[in-house]
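Numbering (mature numbering (1 follows the signal peptide of the UniProt record, and there is no 0)), first residue to last: -29 to -1, 1 to 151. Single-structure report; data block below.
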Amino acid sequence: MLTRGVVKRFNHIALIICSALMFWKGVTALQNAESPIAVVMSGSMDPGYSRGDLIFLSTHLEKTMNLGDVLVFRIENMDMPVVHRVHRIYDNDHPDVAKYLNFQDQSVPYVLTKGDHNFVDDRLLYPEGQVFLCPKHFLGKIDGYCPYLGWITLVLHDYAIARYAFLLGLSVFYLKEFVN
(Lines of atoms letter the chains of each structure in order from A and count residues from 1; the text may use other names and numbers.)
(Lines give C-alpha, C1' and ligand atoms only; values in the text may rest on other atoms or scores of the structure.)
Protein backbone atom coordinates (compact mmCIF):
# COMPACT_ATOMS: atom_id res chain seq x y z
CA MET A 1 0.00 0.00 0.00
CA LEU A 2 1.28 3.43 -0.93
CA THR A 3 1.86 5.81 1.90
CA ARG A 4 0.98 9.47 1.79
CA GLY A 5 4.70 10.44 1.68
CA VAL A 6 5.42 8.32 -1.40
CA VAL A 7 2.43 9.79 -3.24
CA LYS A 8 3.50 13.29 -2.22
CA ARG A 9 7.06 12.73 -3.53
CA PHE A 10 5.75 11.24 -6.77
CA ASN A 11 3.47 14.27 -7.26
CA HIS A 12 6.39 16.61 -6.57
CA ILE A 13 8.58 14.89 -9.19
CA ALA A 14 5.71 14.86 -11.71
CA LEU A 15 5.12 18.58 -11.09
CA ILE A 16 8.79 19.39 -11.76
CA ILE A 17 8.79 17.38 -14.99
CA CYS A 18 5.51 18.88 -16.21
CA SER A 19 6.68 22.42 -15.37
CA ALA A 20 9.89 21.92 -17.34
CA LEU A 21 7.95 20.59 -20.34
CA MET A 22 5.46 23.46 -20.19
CA PHE A 23 8.30 26.00 -20.01
CA TRP A 24 9.99 24.40 -23.03
CA LYS A 25 6.76 24.35 -25.05
CA GLY A 26 6.08 27.98 -24.11
CA VAL A 27 9.50 29.10 -25.31
CA THR A 28 9.12 27.16 -28.58
CA ALA A 29 5.69 28.73 -29.14
CA LEU A 30 7.00 32.25 -28.45
CA GLN A 31 9.94 31.76 -30.79
CA ASN A 32 7.79 29.93 -33.35
CA ALA A 33 10.58 27.39 -33.57
CA GLU A 34 11.03 23.65 -33.54
CA SER A 35 13.87 24.25 -31.11
CA PRO A 36 14.91 27.70 -29.84
CA ILE A 37 18.26 26.33 -28.65
CA ALA A 38 20.70 23.88 -30.19
CA VAL A 39 24.15 22.46 -29.57
CA VAL A 40 27.03 22.70 -32.04
CA MET A 41 27.73 19.02 -32.75
CA SER A 42 30.88 19.26 -34.89
CA GLY A 43 34.00 21.36 -35.25
CA SER A 44 33.07 22.75 -38.67
CA MET A 45 32.48 26.26 -37.27
CA ASP A 46 35.76 26.59 -35.34
CA PRO A 47 37.01 29.05 -34.17
CA GLY A 48 33.74 31.06 -34.10
CA TYR A 49 31.60 28.36 -32.51
CA SER A 50 33.19 25.32 -30.95
CA ARG A 51 31.85 21.82 -30.54
CA GLY A 52 29.64 21.79 -27.46
CA ASP A 53 28.60 25.45 -27.56
CA LEU A 54 24.95 26.08 -26.73
CA ILE A 55 23.41 28.39 -29.36
CA PHE A 56 20.22 30.44 -29.15
CA LEU A 57 18.18 30.74 -32.33
CA SER A 58 16.12 33.61 -33.64
CA THR A 59 13.44 32.41 -36.01
CA HIS A 60 12.38 35.87 -37.04
CA LEU A 61 14.29 35.71 -40.31
CA GLU A 62 14.19 38.81 -42.44
CA LYS A 63 13.51 38.65 -46.14
CA THR A 64 17.16 39.57 -46.70
CA MET A 65 20.18 37.54 -45.71
CA ASN A 66 23.61 39.02 -45.29
CA LEU A 67 26.91 37.38 -46.09
CA GLY A 68 28.36 36.10 -42.85
CA ASP A 69 25.04 35.39 -41.11
CA VAL A 70 25.17 32.08 -39.27
CA LEU A 71 22.19 29.85 -40.04
CA VAL A 72 20.87 26.66 -38.55
CA PHE A 73 19.23 24.58 -41.24
CA ARG A 74 17.96 21.08 -41.91
CA ILE A 75 18.32 19.29 -45.22
CA GLU A 76 16.53 16.17 -46.41
CA ASN A 77 19.38 13.67 -46.25
CA MET A 78 20.57 14.57 -42.72
CA ASP A 79 18.80 13.93 -39.43
CA MET A 80 20.74 16.58 -37.44
CA PRO A 81 20.49 20.33 -38.06
CA VAL A 82 23.60 22.01 -39.45
CA VAL A 83 25.15 25.27 -38.18
CA HIS A 84 27.03 27.06 -40.99
CA ARG A 85 27.70 30.58 -42.28
CA VAL A 86 26.13 32.17 -45.38
CA HIS A 87 28.87 31.95 -48.00
CA ARG A 88 27.02 33.18 -51.09
CA ILE A 89 23.62 34.73 -51.78
CA TYR A 90 21.87 33.97 -55.06
CA ASP A 91 19.81 36.63 -56.81
CA ASN A 92 16.59 35.70 -58.52
CA ASP A 93 18.34 36.39 -61.84
CA HIS A 94 21.07 33.85 -61.17
CA PRO A 95 20.95 30.92 -63.64
CA ASP A 96 21.13 28.33 -60.84
CA VAL A 97 18.04 29.78 -59.18
CA ALA A 98 16.11 29.94 -62.44
CA LYS A 99 17.23 26.42 -63.38
CA TYR A 100 16.36 24.62 -60.14
CA LEU A 101 13.41 26.50 -58.73
CA ASN A 102 9.97 27.45 -59.79
CA PHE A 103 9.50 29.95 -57.02
CA GLN A 104 6.41 31.83 -55.94
CA ASP A 105 8.08 34.46 -53.76
CA GLN A 106 10.69 36.45 -55.67
CA SER A 107 11.94 38.29 -52.55
CA VAL A 108 13.11 35.37 -50.40
CA PRO A 109 16.82 34.61 -50.11
CA TYR A 110 18.52 31.59 -51.64
CA VAL A 111 21.90 30.96 -50.05
CA LEU A 112 24.94 28.71 -50.22
CA THR A 113 26.53 27.92 -46.86
CA LYS A 114 29.96 26.87 -45.65
CA GLY A 115 31.47 25.92 -42.32
CA ASP A 116 34.21 28.29 -41.11
CA HIS A 117 36.62 25.39 -40.63
CA ASN A 118 35.76 23.70 -43.94
CA PHE A 119 37.73 24.18 -47.15
CA VAL A 120 34.74 23.81 -49.50
CA ASP A 121 31.14 24.96 -49.46
CA ASP A 122 28.21 22.76 -48.46
CA ARG A 123 27.06 21.58 -51.89
CA LEU A 124 28.27 18.08 -51.04
CA LEU A 125 25.90 18.03 -48.05
CA TYR A 126 22.88 19.02 -50.11
CA PRO A 127 20.84 16.42 -52.00
CA GLU A 128 22.01 15.72 -55.54
CA GLY A 129 21.16 18.56 -57.89
CA GLN A 130 20.58 21.10 -55.12
CA VAL A 131 23.05 24.00 -55.19
CA PHE A 132 21.60 26.30 -52.52
CA LEU A 133 19.24 26.48 -49.57
CA CYS A 134 15.84 28.09 -49.68
CA PRO A 135 13.75 29.33 -46.72
CA LYS A 136 12.02 25.97 -46.16
CA HIS A 137 15.38 24.63 -44.94
CA PHE A 138 16.05 27.42 -42.40
CA LEU A 139 15.46 26.75 -38.70
CA GLY A 140 16.87 30.09 -37.57
CA LYS A 141 19.78 32.48 -37.24
CA ILE A 142 22.12 32.41 -34.28
CA ASP A 143 21.11 35.10 -31.80
CA GLY A 144 23.69 34.29 -29.12
CA TYR A 145 25.63 31.46 -27.54
CA CYS A 146 27.08 30.10 -24.30
CA PRO A 147 30.40 28.30 -24.66
CA TYR A 148 30.67 24.70 -23.44
CA LEU A 149 27.13 24.46 -21.98
CA GLY A 150 26.16 21.82 -24.54
CA TRP A 151 28.86 19.30 -23.62
CA ILE A 152 26.43 17.18 -21.59
CA THR A 153 24.37 16.77 -24.78
CA LEU A 154 27.47 15.76 -26.74
CA VAL A 155 28.52 13.19 -24.15
CA LEU A 156 25.02 11.70 -23.95
CA HIS A 157 24.75 11.67 -27.76
CA ASP A 158 28.18 10.22 -28.52
CA TYR A 159 28.53 7.60 -25.78
CA ALA A 160 25.76 5.08 -25.15
CA ILE A 161 27.35 4.05 -21.85
CA ALA A 162 27.00 7.66 -20.63
CA ARG A 163 23.26 7.61 -21.44
CA TYR A 164 22.77 4.38 -19.51
CA ALA A 165 24.86 5.61 -16.57
CA PHE A 166 22.85 8.86 -16.48
CA LEU A 167 19.53 6.98 -16.49
CA LEU A 168 20.78 4.54 -13.87
CA GLY A 169 21.91 7.43 -11.66
CA LEU A 170 18.53 9.14 -11.96
CA SER A 171 16.73 5.89 -11.20
CA VAL A 172 18.83 5.25 -8.09
CA PHE A 173 18.28 8.83 -6.92
CA TYR A 174 14.50 8.64 -7.32
CA LEU A 175 14.25 5.13 -5.84
CA LYS A 176 16.27 6.32 -2.86
CA GLU A 177 13.77 9.17 -2.41
CA PHE A 178 10.84 6.73 -2.52
CA VAL A 179 12.40 4.33 -0.02
CA ASN A 180 13.22 7.02 2.55
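Each residue gets a CB set at the ideal place from its N, CA and C atoms; glycine is no exception.
Three-state class that DSSP yields for residue i in the structure shown
i	result
S6	coil
Y119	coil
residue 160	With the chain covering -29 to 151 only, the question about residue 160 has no answer from this structure.
L1	helix
L127	helix
P(-15)	Note that residue -15 is Leu in the sequence shown here, rather than Pro. Three-state result, L(-15): helix.
D92	coil
Which residues DSSP lists as bridging residue i, in chain order
i	result
L28	I113
K147	In DSSP, K147 forms no bridge with anything.
Y81	Y61
L(-9)	In DSSP, L(-9) forms no bridge with anything.
L104	V82
Start and end residues, beta strand (DSSP E) containing residue i
i	result
H55	V53 to Y61
V41	V41 to F44
Short CB-CB distance (under 8 Å) between residue i and chain B
i	result
L146	Reference to chain B is not applicable here, since this structure consists of a single protein chain.
Best match in the options for proximity to residue i [C-alpha to C-alpha]
i	options	result
A9	I113, A131, D93 and L141	I113
V54	Q2, W(-6), L139 and L96	L96
I46	R22, M36, S142 and L83	L83
D129	D40, Y119, F103 and M12	M12
V91	G23, V57, L1 and A131	V57
E99	F(-20), F44, L(-15) and N48	N48
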